[in-house]
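One structure is given here, and the rest of the page talks about it.
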Amino acid sequence: MRLVWFRRDLRSFDNTALTAALNSGDPVAAMYIATPEQWHQHHLAPIQADLIWRRLAELQQELAALNVPLFYQQVADFQAAAVAVSQLAKTLNATQVLANRDYELDEQQRDQSAQQLLSEQGITWSAFDDKCVLPPGSVRTKQGEFFKVFTPFKRAWLTLFQPPVIGKNRPAALWNVPSTLAELVWHPEQTFDYPRIDSTPWAADFETVRAQLRDFCRERVQDYHQARDFPAREGTSSLSPYLAIGVLSARQCVARLYHESSMGELSEGAQVWLSELIWREFYQHLVAIEPNLSKSRDFVEWGARLEWWNDNEKFQLWCEGKTGYPIVDAAMRQLNQTGWMHNRLRMIVASFLTKDLHIDWRWGERYFMSRLIDGDYAANNGGWQWCASTGCDGQPYFRIFNPVSQGEKFDPNGDFIRRWVPELRSVSSAYIHQPWTYPAVNSVLYPARLVDHKQEREVTLRLYKTAKG
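By our numbering, the letter at position 282 of the sequence shown is numbered 737, and the numbering carries on one by one without gaps.
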């Protein structure tokens, strides 16, 4: 008997640990363990919790077709999860527990505990690199060191990369779940002791998600390099939630991208999307090799000396989308109402929080994780530290997004703003990015500017220069 422990890899297709178990020829069981207290500590978004819950029902059906029952337990935290998986493995008389690696520090410690407990019972622990196309540690400099700048990492990644070939699973040996374990089998009435927000606008079944990937790679990716920065357009793939919880693998995305390309040659749009996938890998590799990132520490040494003003009232207004800057407010309201935010907007609001309001990037990082349906620690941490200029290969500290010009450039007619900030629907495009200049501004029920961007830019330059010494 082989036991597969599912975590953030909720798929039966192209799942390295599951495939290894199925190829053994032995009976196979699967397990998912909910850890609500740990989720609270990690700020798991209720909308992502709901997507995970819905996905488990789909996964159970996929696994049943492979003769693999899905067991489910809810425990407090990761330490208790390690105990739970070892106990089930013992009860099943399993010879091996298989799982795909998570790279964050808490998750690594969880797996070390599980490995120790299983070893004491004579059960083999097997962990696989499945989250990335190229596993952490495989992309290094000529001196054997890890890359700390994205562009050379990308060049090395492309040199090592071969388009993946993804095979089909074969069913496991048929076996019957003992009646003593029947209550542990996942069933649709199961739930989490954790808040959930409806995620049904996002598909949970694999076939719908796979079709979305196919259609994007076949059609919209051709225009991706031109359309991706405009939030009023459907220019992105919207696949990030499925990568975050593992409905899709990065390999599947890359394989489909090449499959839909002409003679293996990627269009300009496809190349840009591939570059975004490589950015994802870059951040996953960094978290795997640098434990301090999992401790919410700045990547750069001088980041610890930055003076943050951390005004609670201004932070709350930023969270609510009431800063007086329309593109920022529209973005935050989109996040709060849908659990998702366009990538260009993530950069704009992160820059505004850290460099206009002088609020610690960790505050924004946590808020994003508590709201995003595609919350992924490595990507979220990497993105926030990039914007705050404290991260690995972050943007220069003097690069400070102007929220007015960003809105004018990427939402020129104000279509996105009007959708999410209804107070401004009557304001013409000439004033919508700077409503404080609107002649009838007193008739518009919209907040005044929290700050003056030009003044705060000068403050930021001073704060960063002081920290850098």
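Backbone N, C-alpha and C define an ideal beta-carbon position, used for all residues, glycine too.
Can you round the beta-carbon distance between residue i and residue j to whole angstroms, since I take them to be within the 8 angstroms contact cut?
| i | j | result |
| --- | --- | --- |
| Asp-557 | Ser-704 | Contact doesn't hold; Cβ gap of about 14 angstroms is too wide. |
| Asp-684 | Phe-853 | About 21 angstroms; that fails the 8 angstroms criterion. |
| Trp-657 | Ser-692 | That pair is no contact at about 13 angstroms. |
| Ile-652 | Gly-794 | 7 angstroms |
| Ser-654 | Leu-560 | About 28 angstroms separates the two Cβ atoms, so there is no contact after all. |
| Asp-829 | Pro-696 | 4 angstroms |
| Ala-710 | Ile-621 | 6 angstroms |
| Ser-568 | Gln-529 | Not a contact, Cβ separation roughly 18 angstroms. |
| Leu-918 | Leu-761 | 6 angstroms |
| Ile-733 | Trp-612 | 5 angstroms |
| Pro-890 | Val-882 | 6 angstroms |
| Trp-875 | Ala-759 | About 36 angstroms; that fails the 8 angstroms criterion. |
| Trp-580 | Gln-564 | Rounded, the Cβ-Cβ distance is 14 angstroms, inconsistent with contact. |
| Leu-800 | Arg-826 | Wrong, their Cβ atoms sit about 13 angstroms apart, outside the cutoff. |
| Gln-707 | Leu-668 | 7 angstroms |
Apart from the five residues just before and just after residue i, which ones in its own chain have a Cβ nearer than 8 angstroms to its Cβ?
| i | result |
| --- | --- |
| Glu-911 | Lys-810, Asp-811, Leu-812, His-813 |
| Ala-544 | Leu-458, Val-552, Leu-573, Gln-576, Ile-578 |
| Tyr-832 | His-497, Glu-559, Val-742, Ser-749, Met-824 |
| Gly-924 | Trp-757, Arg-760 |
Please go through the same chain and pick out, in chain order, the residues whose beta-carbon is closer than 7 angstroms to the beta-carbon of residue i, but skip the five residues on each side of it.
| i | result |
| --- | --- |
| Thr-596 | Phe-602 |
| Val-523 | Val-483, Ala-484, Ala-485, Ala-627 |
| Phe-763 | At residue 763 the sequence reads Trp, which differs from the Phe that was named. His-813, Ile-814, Asp-815, listed in sequence order. |
| Thr-471 | Asn-555, Phe-583, Asp-585 |
| Arg-688 | Ala-682 |
| Ser-479 | Arg-457 |
| Ile-855 | Ser-806, Lys-810, Arg-912, Thr-915 |
| Asn-857 | His-908 |
| Pro-781 | Gly-862, Ile-872, Val-876, Leu-879, Ile-887, His-888, Pro-890 |
| Leu-477 | Val-483, Leu-521, Asn-624, Arg-625, Ala-627 |
| Leu-639 | Phe-526, Tyr-527, Gln-528 |
Would you call residue i buried or exposed, if buried means 16 or more other Cβ atoms sit within 10 Å of its Cβ?
| i | result |
| --- | --- |
| Val-604 | exposed |
| Met-718 | exposed |
| Val-632 | exposed |
| His-642 | exposed |
| Asp-648 | exposed |
| Asn-555 | buried |
| Glu-736 | buried |
| Gly-599 | exposed |
| Ala-637 | exposed |
| Gly-592 | exposed |
| Ser-634 | exposed |
| Thr-845 | buried |
| Leu-499 | buried |
| Ser-541 | buried |
| Thr-778 | buried |
| Thr-606 | exposed |
| Ser-467 | buried |
| Glu-715 | buried |
| Thr-892 | exposed |
| Glu-517 | buried |
| Ala-666 | exposed |
What residue does the beta strand (DSSP E) around residue i start on, and which one ends it?
| i | result |
| --- | --- |
| Asn-555 | 551–555 |
Counting only the same chain and skipping the five closest in sequence on each side, list residues whose C-beta sits under 6 angstroms from that of residue i.
| i | result |
| --- | --- |
| Cys-847 | Lys-603, Leu-741, Phe-754 |
| Ser-751 | Arg-817 |
| Asp-532 | Thr-490, Glu-492, Gln-493 |
| Arg-463 | Ile-700, Gly-701 |
| Glu-513 | Ala-659, Asp-660 |
| Trp-773 | Leu-808 |
| Pro-746 | Leu-560 |
| Lys-609 | Ile-733 |
| His-797 | Pro-686 |
| Pro-619 | Arg-706, Ala-710 |
| Val-783 | Val-804, Phe-807, Pro-858 |
| Pro-501 | Pro-650, Arg-651, Ile-652 |
For the alpha helix (DSSP H) containing residue i, list its first residue and its last residue.
| i | result |
| --- | --- |
| Trp-818 | 816–826 |
| Lys-609 | 605–615 |
| Gly-838 | 832–843 |
| Ala-682 | 679–682 |
| Asn-767 | 767–775 |
| His-908 | 908–923 |
| Ala-785 | 781–793 |
| Gly-862 | 858–865 |
| Asp-870 | 870–875 |
| Ala-806 | For the sequence presented, residue 806 should be read as Ser rather than Ala. Where Ser-806 is concerned, the enclosing alpha helix (DSSP H) stretches over 798–806. |
For residue i and chain C, any beta-carbon pair shorter than 8 angstroms?
| i | result |
| --- | --- |
| Asp-532 | You won't find chain C in this structure, because it holds only one protein chain. |
Open item on the list: Ignoring anything shorter than 3 residues, give me the beta strand (DSSP E) runs that lie fully in the region 700–761, in order along the chain.
Closed with: none
Open item on the list: Give the list of continuous beta strand (DSSP E) stretches no shorter than 3 residues that lie fully inside the region 458–541.
Closed with: 483–489, 525–529
Task: Whole runs of the alpha helix (DSSP H) within the region 539–603, excluding any shorter than 4 residues - done: 560–575
Task: Contained beta strand (DSSP E) runs [length at least 3] in the region 610–696, N- to C-terminal order - done: none
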